[in-house]
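Residue numbers (my numbering): 1 to 248. Cβ atoms here follow ideal geometry from the backbone N, Cα and C, with glycine treated the same way.
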């Protein structure tokens, strides 16, 4: 029975991924900051399928202690899903909060890189796989996307460069790049349920379950096949014209 470690499992795509992989017969190590949510998730899944670890991915000491506590049957990690991440603020760069910027960098980049580095030796040993959650914001800039989009560009490029370094090891790496997915994402970003509802109204956006099923499909491809990157959007989302400012 293969084992996946999924970060950011307390809500949205991460939680849906835990459920999807467990239902497909995987063991899952589900991590996140909110212990009460992890406990609630664990009660709905067979005990021998999921083990929860409560820690902040930005805290390396807490992460290492949590991983060290894993029961023997969950230690053989075959798949790392770097899902934990967030966006904060929609202000233009000149009005943005530096604290928001550094929190996004620390979570979306530094913690992801650190977790990957921690588990790479094991993943190489087991010829495992890595799925990194990027975004269409990695490829298409938009007003207010400043540092968030940049962090997701890093995730995409880091994934592709990992592929180059890991050639010959059997380790597969994929960058998943979704567009509009209705989760807590916009609520966290704006602090407003009204703003979240307005953004997704009438769009028929993707769901967390859509992305979780996609991750499962990627993970269960034959060992000789690698999905380098995969961009997804709801049918009702596409690209905007270039912005133009007219003087006078």
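Residue 117, buried or exposed, once every other Cβ within 10 Å from all chains shown has been counted against 16:
In this structure residue 117 is exposed. Its beta-carbon is surrounded by fewer than 16 other beta-carbon atoms within 10 angstroms.
What did DSSP end up calling residue 27 once you bin it into helix, strand or coil?
Of the three classes helix, strand and coil, the one that applies to residue 27 here is strand, per DSSP.
Taking the straight line between their C-alpha atoms, what separation do you get for residue 121 and residue 77?
Going by C-alpha positions, residue 121 is about 11 Å away from residue 77.
Considering Cα atoms alone, identify which of 79, 47, 40 and 46 is closest to residue 7.
Looking at the Cα atoms, 79 is the closest of the given residues.
Expressed to the nearest angstrom, what Euclidean distance is found between the alpha-carbon atoms of residue 186 and residue 34?
Each residue's Cα considered, the two are about 18 Å apart.
Quick check on residue 52: does DSSP put it in helix, strand or coil?
It is a strand residue.
I'd like the ranges of any alpha helix (DSSP H) spanning at least 4 consecutive residues and lying wholly in the region 130-176.
Runs of the alpha helix (DSSP H) lying entirely within the region 130-176, each at least 4 residues long, are 146-165 in chain order.
Under DSSP, the beta strand (DSSP E) around residue 82 begins and ends at which residues?
Start and end: 79-82.
Given that a residue counts as buried once 16 or more other Cβ atoms are within 10 Å of its Cβ, and exposed if not, what is residue 242?
By the 10 Å Cβ count, residue 242 comes out exposed.
Residue 124 - DSSP class collapsed to helix/strand/coil:
Looking at residue 124 - three-state DSSP - the assignment turns out to be helix.
Nearest-angstrom Cβ-Cβ length linking residue 131 and residue 81, presumed shorter than 8 Å:
In this structure residue 131 is in contact with residue 81, their Cβ atoms being roughly 5 Å apart against a cut-off of 8 Å.
Beta strand (DSSP E) runs wholly inside the region 184-237, at least 3 long, in chain order
For the region 184-237, whole beta strand (DSSP E) runs of length 3 or above, ordered along the chain, are 229-232.
Could you check if residue 115 is buried or exposed, using at least 16 other CB atoms within 10 Å of its CB as the buried criterion?
Buried is the call here.
Neighbour-count burial assignment, residue 71, 16 or more Cβ in a 10 Å radius
Looking at its Cβ environment, which holds fewer than 16 other Cβ atoms inside 10 Å, residue 71 is exposed.
7 Å CB neighbourhood of residue 215 in its chain, flanking five on each side removed:
Here the set comprises 17, 81, 131 and 176.
Give the straight-line distance between the Cα atoms of residue 245 and residue 94, rounded to the nearest whole angstrom.
Going from the Cα of residue 245 to the Cα of residue 94 covers about 17 Å.
Could you tell me the alpha carbon to alpha carbon distance between residue 172 and residue 195, rounded to whole angstroms?
About 38 Å.
For residue 249, which residues from the same chain have a beta carbon less than 7 Å from its beta carbon, with the 5 sequence-adjacent residues on both sides left out?
Because residue 249 is not part of the residues shown, which for the chain are 1 to 248, the question remains open.
Per DSSP, what kind of secondary structure is residue 7 in: helix, strand or coil?
Looking at residue 7 - three-state DSSP - the assignment turns out to be coil, as it is neither helix nor strand.
Using the C-alpha atoms, what's the distance from residue 22 back to residue 249?
As shown, the chain starts at 1 and ends at 248. That puts residue 249 outside it, with no answer to give.
Can you tell me which of 142, 97 and 110 puts its alpha carbon nearest to the alpha carbon of residue 154?
When the alpha-carbon of residue 154 is set against those of 142, 97 and 110, the nearest one is in 110.
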